[in-house]
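So the protein lines, in turn, are chains C and D.
Position 25 of the first sequence, counting from 1, maps to 5 under our numbering, and the rest follow consecutively.
Position 94 of the second sequence, counting from 1, maps to 74 under our numbering, and the rest follow consecutively.
Note that beta-carbon positions come from the ideal geometry of N, C-alpha and C, so glycine has one too.
On a predicted model such as this, the values are computed, not experimentally measured, just so you know.
See structure below.
2 protein chains.
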Amino acid sequence: MDDNNSIFPKGEKASAAVFTGTAYVNMLVPDKDSVYNCQVYDVVFEAGARNNWHKHPGGQLLLVTAGKGYYQERGKEARLLRPSDVVAIPPGVEHWHGAAPDSEFTHIGISPNTQKGGPEWLGPVTDEEYTEAAR
Amino acid sequence: MDDNNSIFPKGEKASAAVFTGTAYVNMLVPDKDSVYNCQVYDVVFEAGARNNWHKHPGGQLLLVTAGKGYYQERGKEARLLRPSDVVAIPPGVEHWHGAAPDSEFTHIGISPNTQKGGPEWLGPVTDEEYTEAAR
């Protein structure tokens, strides 16, 4: 247990191609052989970090375990997230998630139905979009 | 956060039909409409509690978040589980999981591929089997 009360060790640095700021992804269940049609990962976002807009053909599930962050769907108000919050993101819904400006943020992510394909990455969440979300 | 460092509130008491001892199941993602083909739940086992032998046609994934417990597949040695341990249980493999005799135990459970059907419950883990596993 570190200060952030994380359960899983920090993983690899997330790709700068699809994240703004610094985040770490620990792939807990890579499911390389597609036995489960499901990938599970722990993501730690440093304060201010977020992923790009993206969508999943099979949907995505988030379980918040530490810190403070945001989830936003395209065209909607951002939702503040705290530990024990659960987000169910339907297939094809454009969204992003990430830390608050003043706090780390950790969630477990679950990508079910991976037989339907991987995430489709879109453009970055701009500073203007992020500032508006976290206001 | 309680003493057991749980993230999610305790859910409903687990069914005595398929558990020995007291456990609580918090259904985080019930997926009643089968949008995700995936159910997610947090299970808190009191010391000594365990579920019956069972198997899942789509497999099951466990993420240990607190306490000390065991996972055992039929015919194999039990595996001691601690926070941050991950268990990937292939489809059709008979197994049980539960707390150590002297510790609570909490895991997140993920049932992927629910389109293949729900768990098949088998007989209880006998006191003899449990004592041998936790030895």
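Check, Outcome
"Helix, strand or coil: how does DSSP classify D:A3 here?", "strand"
"What distance in whole Å lies between the Cβ atoms of D:E84 and D:G47, which are believed to be in contact at a cut-off of 8 Å?", "4 Å"
"Between which two residues does the alpha helix (DSSP H) harbouring D:D107 extend?", "D107 to A113"
"Could you tell me whether any Cβ in chain D is nearer than 7 Å to the Cβ of C:F(-12)?", "yes"
"Using a threshold of 6 Å, is the CB atom of D:K56 nearer than that to any non-hydrogen atom of the ligand SAH?", "Absence of the ligand SAH from the depicted structure is noted, as is the absence of any ligand whatsoever, leaving it without description."
"With burial defined as no fewer than 16 other Cβ atoms inside 10 Å of the residue's Cβ, what is the status of C:P92: buried or exposed?", "buried"
"Counting only Cβ-Cβ distances shorter than 8 Å, please list the residues of the segment 63 to 79 of chain C near chain D, keeping chain order.", "P63, S64, V66, A68, P70 and P71"
"Taking DSSP as the reference, what is the three-state secondary structure of C:K96?", "helix"
"Contact criterion: CB-CB distance below 7 Å. Does D:L8 meet it with respect to chain C?", "yes"
"Does DSSP put D:E76 in a helix, a strand or coil?", "Checking the sequence, you will find Trp at residue 76 of chain D rather than Glu. D:W76 falls in the strand class under three-state DSSP."
"Quick check: the segment 29 to 38 of chain C against the segment 93 to 101 of chain C, are at least 3 beta-carbon pairs closer than 8 Å?", "yes"
"Consider the Cβ of D:N93: report whether some Cβ of chain C lies at a distance smaller than 7 Å.", "yes"
"Assuming C:R115 and C:W76 are in contact, meaning their beta carbons sit under 8 Å apart, how far apart are those beta carbons, in whole angstroms?", "16 Å between Cβ atoms; not a contact."
"Is DSSP giving C:G39 helix, strand or coil here?", "coil"
"Indicate the three-state DSSP secondary structure (helix, strand or coil) for D:E(-8) in the structure shown.", "strand"
"What is the rounded straight-line gap between the Cα of D:D107 and the Cα of D:Y4?", "20 Å"
"To the nearest angstrom, report how far apart D:V67 and D:G49 are at their CA atoms.", "12 Å"
"Compare the C-beta of C:T45 with all C-beta atoms of chain D and state if any pair is closer than 7 Å.", "yes"
"Would D:V24 pass as a contact of D:L8 if the rule is Cβ separation under 7 Å?", "no"
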